[in-house]
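Counting from 5, one number per residue, gives the positions in the sequence shown under our numbering. A short write-up of the structure that comes next.
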Amino acid sequence: MSHPTLLVTGAAGHLGRAVVELLLGAGQRVIAGTRDPSRVADLASKGAVVRKLDLDDPDTLPDAFLGVDRVLLVSTDRVGSRVQQHKNGITAAARAGVRHIAYTSLLGAPRSSVGLAPEHVATERALAESGVGYTALRNSVYADLLIQSLQGAVASGQLVTARGQGGVSYITREDCARAAAAALSSTFEGTRELELTGPEALTGDDLAQIASALTGRPVRHVSVPVSALVEGMVAHGLPEPVAEIYASFDTAAADGELAVVTPTFRELVGRPPQSVRDFLRSRLS
Ligand SMILES: NC(=O)c1ccc[n+]([C@@H]2O[C@H](COP(=O)([O-])OP(=O)(O)OC[C@H]3O[C@@H](n4cnc5c(N)ncnc54)[C@H](OP(=O)(O)O)[C@@H]3O)[C@@H](O)[C@H]2O)c1
């Protein structure tokens, strides 16, 4: 297949948009699928074909996947409703003759205690049962999520976690996009699970030290019991179920689940992933 037709779902989201741009930059034929085509007019002007695609509306899917060879199924942000959404996409892609589906999953999904893991595991199972080739892109935690939390830590002088000395192998969202673009534009047709991590696992102490070094302000890491972390988030207005999900990342980190570092990003993309320190350098002030 010399010129496959590639489709990215969720093209108006941060990751989907970045993948479409990378593929266009590499001269690929790309379809940007989104619930709201008006939000990706800029991608159309750069050469993407735009199609309406709503995983909640199966009627949009046959036309969206028509003539498509390979799909990036971006996991949606509708926590709690995602399995059905993703299954709708997988079923429609299989019916349309799509040959390969890349899906944005979670680091170590089958063994993960993170509260979001069951939806990813169920989606990976649906992929395995679909008969279509697939790549599960098991992304570690976005480094991008650190910007807000470390800005708060710099302001207060304290980075509060429930991680103890557990580390997290953060990867930037841009690197997740690079990995997704590489998987989508590759000729791989089988089934695989790729654990995608940044170059190192960083503890709360490491993050506090990086934030201090980049800003010149003192930041101390304070590890509290997970119940106190949840109480703090609820006191700041987060609904308790959401706070529990955030806190589950800390519990998983404390147990060492998120400290896994793999060479997979470099093997797939051909260059090393960006470090958290380099990523934050221009973003933390
Ligand atoms: N690894 C991590 O640390 C991490 C962190 C945050 C999120 N995530 C996951 O990675 C995904 C991509 O991240 P992001 O930063 O790009 O998130 P984002 O900017 O919040 O984007 C949300 C995505 O959900 C899509 N979506 C929502 N409802 C949909 C529906 N009914 N049908 C099709 N698509 C739907 C949106 O697509 P359109 O608006 O284009 O329709 C958009 O691509 C997230 O949705 C989430 O599952 C991972």
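Every residue, glycine too, gets a C-beta built ideally from N, C-alpha and C.
- When the alpha-carbon of Ile214 is set against those of Phe283, Phe253, Ile249, the nearest one is in Phe283.
- Secondary structure of His104 (DSSP, three-state): strand.
- With a threshold of 7 Å, the Cβ atom of Gly220 does not count as near ligand 1, since no heavy atom of the ligand is closer than that.
- Measuring C-alpha to C-alpha distances from Pro66 to each of Gly37, Arg82, Glu197 identifies Gly37 as the nearest.
- In this structure, Leu110 and Leu198 do not form a Cβ contact; the two beta carbons are roughly 12 Å apart against a cut-off of 8 Å.
- Three or more Cβ pairs closer than 8 Å define a contact, and the stretch 78 to 96 falls short of that threshold against the stretch 217 to 237.
- For Arg39, the Cβ falls inside the 7 Å cut-off from some heavy atom of ligand 1.
- The beta carbon of Val238 is closer than 8 Å to those of Glu244, Ala247 in its chain, skipping five residues each way along the sequence.
- Straight through space, the alpha carbons of Lys56 and Thr64 are spaced by roughly 7 Å.
- Beyond the five residues adjoining it in sequence on each side, Gln32 comes within less than 7 Å, by CB distance, of Leu10, Ser189 in the same chain, given in chain order.
- Ranked by Cα distance from Gly260, the options Gly29, Leu28, Val118, Glu193 are led by Val118.
- For Tyr146, the shortest C-beta to heavy atom distance toward ligand 1 is below 7 Å.
- With contacts defined by Cβ atoms closer than 8 Å, Leu288 and Ile175 do not form a contacting pair.
- Under DSSP, the beta-bridge partners assigned to Lys56 are Thr38.
- Straight-line spacing of the CA atoms in Val164 and Gly194 works out to 43 Å.
- In this structure, Val265 keeps its C-beta atom at 8 Å or more from the C-beta atom of Thr207.
- Beta-bridge analysis with DSSP links Ser109 to Arg142.
- Looking at the backbone, the Cα of Ala185 and that of Gly101 are separated by about 20 Å.
- Beta-bridge analysis with DSSP links His225 to Leu163.
- Annotation for Val24: the continuous alpha helix (DSSP H) segment containing it runs 18 to 29.
- For Arg115, DSSP records no beta bridge to any residue.
- Around Arg43, the same chain offers Ala16 as residues with beta carbons nearer than 8 Å, after the five sequence neighbours per side are excluded.
- Using a 10 angstroms sphere on the CB of Val83, the tally of other CB atoms stays under 16, which defines it as exposed.
- For Thr195, the enclosing beta strand (DSSP E) begins and ends at 195 to 200.
- The residue from Gly168, Glu204, Phe69 with its alpha-carbon nearest to that of Val53 is Phe69.
- Going by DSSP, Thr9 is part of no alpha helix (DSSP H) but of the beta strand (DSSP E) stretching over 9 to 12.
- Inclusion of Ala205 and Gly171 in the CB contact set at 8 Å is warranted, their separation being smaller than that value.
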